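Some notes on the structure that comes next.
There are 2 protein chains.
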Amino acid sequence: MIENLVLKNISKHISLNENETSYFLSILEEKKYAKKNIILQEGEICRTINFVQSGTLRAFYRDPEGKESTIMFAISDWWITDMSCFINQQPAMLNIETIEDSLILHLKKEDLDELYTKIPKFERFFRIIMQNAYIREQIRVIQNLSLSAEQRYYIFLEKYPQVAKQVRQKQIASYLGITPEFLSMIRANKNK
Amino acid sequence: MIENLVLKNISKHISLNENETSYFLSILEEKKYAKKNIILQEGEICRTINFVQSGTLRAFYRDPEGKESTIMFAISDWWITDMSCFINQQPAMLNIETIEDSLILHLKKEDLDELYTKIPKFERFFRIIMQNAYIREQIRVIQNLSLSAEQRYYIFLEKYPQVAKQVRQKQIASYLGITPEFLSMIRANKNK
DNA sequence: GCGTTTTCTTAAACTACATTATTTTTTTAC
DNA sequence: GTAAAAAAATAATGTAGTTTAAGAAAACGC
Chain Y
1 MIENLVLKNI SKHISLNENE TSYFLSILEE KKYAKKNIIL QEGEICRTIN
51 FVQSGTLRAF YRDPEGKEST IMFAISDWWI TDMSCFINQQ PAMLNIETIE
101 DSLILHLKKE DLDELYTKIP KFERFFRIIM QNAYIREQIR VIQNLSLSAE
151 QRYYIFLEKY PQVAKQVRQK QIASYLGITP EFLSMIRANK NK
Chain A
1 MIENLVLKNI SKHISLNENE TSYFLSILEE KKYAKKNIIL QEGEICRTIN
51 FVQSGTLRAF YRDPEGKEST IMFAISDWWI TDMSCFINQQ PAMLNIETIE
101 DSLILHLKKE DLDELYTKIP KFERFFRIIM QNAYIREQIR VIQNLSLSAE
151 QRYYIFLEKY PQVAKQVRQK QIASYLGITP EFLSMIRANK NK
């Protein structure tokens, strides 16, 4: 069944009865995207938080000169959005694109706000999701400040081996904050 | 009254009745610290999340060679902890020190867990706190990846003018991920 | 208030990573 | 399956930020 994965994801932190489950499922909108589709474009209001049923997504910032910085990858079982713009319902800073064919569940801001009041347990669920996201970003900041590009690359490979297989090297480079050319040099050095 | 500030902080996102208020206050432990005191040392279990009534705090990572990276500053009205180690009740990666004489309210992990079950509104409160922290860190990652040290410095000055006045330049440099010498050069350039 | 310690500044030499350009390899489109 | 496009590798040159060192200014301890 299609909904299994998101319910399993929810059940890691809270448990729902039948009514709650069916209400929750009723506010999700499922959409299929082919690979290389933009699901959120910078400037556009970011209306949904998104659960990846299957596929691979990438969120990235594009600076005024066109240089891309990858902010996060999301694979099956992850939540992804431009959180800042989703919460404030403002034009997105980030772009989110599919890297593989993907099946996404969209949850609208207004439906989430209603969900919090109808089923307060979801406050707990998203408190934990936000907490984990904060911890992840904080660790990334520490690593960006204290480690060399080479160290960050090998940590990335260890931490996200699945992602590393699915995405282009230039996208990994842009996640690490280096050029594809320099990542290429790092990889060439490993045999020395 | 001493407790006013934390109650005002809470009331930004949820409202408490009298019983709830007094229960919440009863689990906070207030402590005074002189300037340059360590309130959390790396390696020690991080048992509390901390609210700054007054003063200034700094959380930093010290790498094996002794180089420090400032992860965050906290002034009056902010919450601060080593979130990763607080949540998992593990040895801290970070150190937290006072930069000025400070008055801190400590909230223990076990009391917070109980608070969530006794007054579920606090799930909402900390959901919002975590969400804001996540958004802040994500924006910091974007800026670290896409901007020069000079640009990051001027953004820091604009965003945290209060902090900038209270902390040493070498601490700002370690927040930006550059050496104090290079920050000094950036500042010298501003007149050119 | 004064000596000591820490921080800040300046400057020269150095390095991690960027840029540009070219070639080779992989992916994509039909 | 093959041509075209995109990505990856390699290498030379360039630069943002580091390191080291030394002097000046500010903060600290008593």
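So the protein lines, in turn, are chains Y and A.
Under UniProt numbering, think of the first position of the first sequence as 1, with each following residue one higher.
Under UniProt numbering, think of the first position of the second sequence as 1, with each following residue one higher.
We put the beta carbon where it would ideally sit given N, CA and C, even for glycine.
This one's a predicted model, so the numbers in the text were calculated from it and none came from an experiment.
Using 8 Å as the threshold, is the C-beta distance between residue i and residue j below it?
i                : j                : result
Ile135 (chain A) : Met93 (chain Y)  : no
Gln171 (chain A) : Arg62 (chain A)  : no
Ser174 (chain A) : Thr70 (chain A)  : yes
Ile104 (chain Y) : Gln53 (chain Y)  : yes
Phe73 (chain A)  : Val163 (chain A) : yes
Asp111 (chain Y) : Ile27 (chain Y)  : yes
Glu42 (chain Y)  : Glu137 (chain A) : no
Give me the residue from the options with the minimum Cα distance to residue i.
i                     : options                                : result
Lys8 (chain Y)        : Y:Gly55, Y:Tyr33, Y:Asp77, Y:Lys31     : Y:Asp77
Ala34 (chain A)       : A:Thr56, A:Ile49, A:Leu25              : A:Thr56
Asn88 (chain A)       : A:Thr48, A:Ile119, A:Leu176            : A:Thr48
Arg187 (chain A)      : A:Val163, A:Gln166, A:Arg152, A:Gln162 : A:Arg152
Pro64 (chain Y)       : A:Ser146, A:Ser184, A:Met185           : A:Ser146
Tyr116 (chain Y)      : A:Ile10, A:Ile119, A:Arg124, A:Lys109  : A:Arg124
Lys118 (chain A)      : A:Ser11, A:Thr21, A:Leu5, A:Val6       : A:Thr21
Leu5 (chain Y)        : Y:Asn19, Y:Leu25, Y:Phe126             : Y:Leu25
Asp101 (chain Y)      : Y:Lys31, Y:Glu42, Y:Ile80, Y:Cys46     : Y:Lys31
residue 204 (chain Y) : Y:Phe126, Y:Asn144, Y:Glu44            : Outside the shown range of chain Y (1 to 192) lies residue 204 (chain Y), about which nothing can therefore be said.
Ile139 (chain A)      : Y:Lys121, Y:His106, Y:Phe60            : Y:Phe60
Leu107 (chain Y)      : Y:Thr81, Y:Asn132, Y:Gln131, Y:Pro91   : Y:Thr81
Lys165 (chain A)      : A:Ile75, A:Met185, A:Lys12, A:Gly66    : A:Ile75
Ile45 (chain Y)       : Y:Pro91, Y:Ser11, Y:Gln143             : Y:Pro91
Asn50 (chain Y)       : Y:Gly66, Y:Phe86, Y:Lys12, Y:Glu137    : Y:Phe86
Glu68 (chain A)       : Y:Asn37, Y:Leu16, Y:Gln143             : Y:Gln143
Lys109 (chain A)      : A:Lys36, A:Ser184, A:Gln131, A:Glu29   : A:Glu29
Lys12 (chain A)       : A:Phe122, A:Arg168, A:Leu40            : A:Phe122
Lys36 (chain Y)       : Y:Val167, Y:Ser184, Y:Met185, Y:Glu114 : Y:Val167
Asn189 (chain A)      : A:Ile10, A:Glu150, A:Gln169            : A:Glu150
Tyr23 (chain Y)       : Y:Leu176, Y:Met185, Y:Glu114           : Y:Glu114
Leu16 (chain Y)       : Y:Pro120, Y:Leu40, Y:Gly66             : Y:Pro120
Notebook entry, point to check: Does the pairing of the segment 169-182 of chain A with the segment 94-101 of chain Y give three or more beta-carbon distances under 8 Å?
Noted result: no
Next item on the list: Examine the Cβ distances between the segment 151-168 of chain Y and the segment 151-166 of chain A and report whether three or more of them are shorter than 8 Å.
Entry: Contact check between the segment 151-168 of chain Y and the segment 151-166 of chain A: fewer than three CB pairs, one atom from each, fall below 8 Å, which does not count as touching.
Margin query: Closer than 7 Å between beta carbons: that is the criterion. Which residues of the segment 46-64 of chain A meet it against chain Y?
Written below: Residues of the segment 46-64 of chain A whose Cβ lies closer than 7 Å to any Cβ of chain Y, in chain order: Tyr61, Asp63.
Next item on the list: Using a Cβ-Cβ cut-off of less than 7 Å, give me the residues of the segment 142-164 of chain A that come near chain Y, in sequence order.
Entry: Ile142, Asn144, Leu145, Ser146
Check: Along the chain, which unbroken stretches of the beta strand (DSSP E) at least 3 residues long are found entirely within the UniProt domain "Cyclic nucleotide-binding" (15-115) of chain A?
Finding: With a minimum length of 3 residues, the continuous beta strand (DSSP E) runs that stay inside the UniProt domain "Cyclic nucleotide-binding" (15-115) of chain A are 28-33, 38-40, 48-54, 56-62, 68-75, 94-98, 102-108.
Note to self: Threshold first: 4 residues or longer. Then list the alpha helix (DSSP H) segments lying entirely within the segment 106-178 of chain A, N to C.
What the structure shows: 109-118, 121-146, 149-159, 161-166, 169-176
Check: In chain order, what residues of the segment 174-188 of chain A put their CB closer than 9 Å to some CB of chain Y?
Finding: Ser174, Tyr175, Leu176, Gly177
Next item on the list: Could you run through the segment 124-144 of chain Y and flag, in chain order, every residue whose CB is less than 7 Å away from some CB of chain A?
Entry: Arg124, Phe126, Arg127, Met130, Gln131, Ala133, Tyr134, Ile135, Glu137, Gln138, Ile139, Arg140, Val141, Ile142, Asn144
Notebook entry, point to check: Between the segment 89-111 of chain Y and chain A, which residues of the former have CB atoms less than 9 Å from a CB of the latter, in chain order?
Noted result: Under the 9 Å Cβ criterion, the segment 89-111 of chain Y contributes Met93, Leu94.
Margin query: Can you pull out the residues from the segment 1-33 of chain A whose beta carbon lies closer than 7 Å to at least one beta carbon of chain Y?
Written below: Hits within the stretch: zero.
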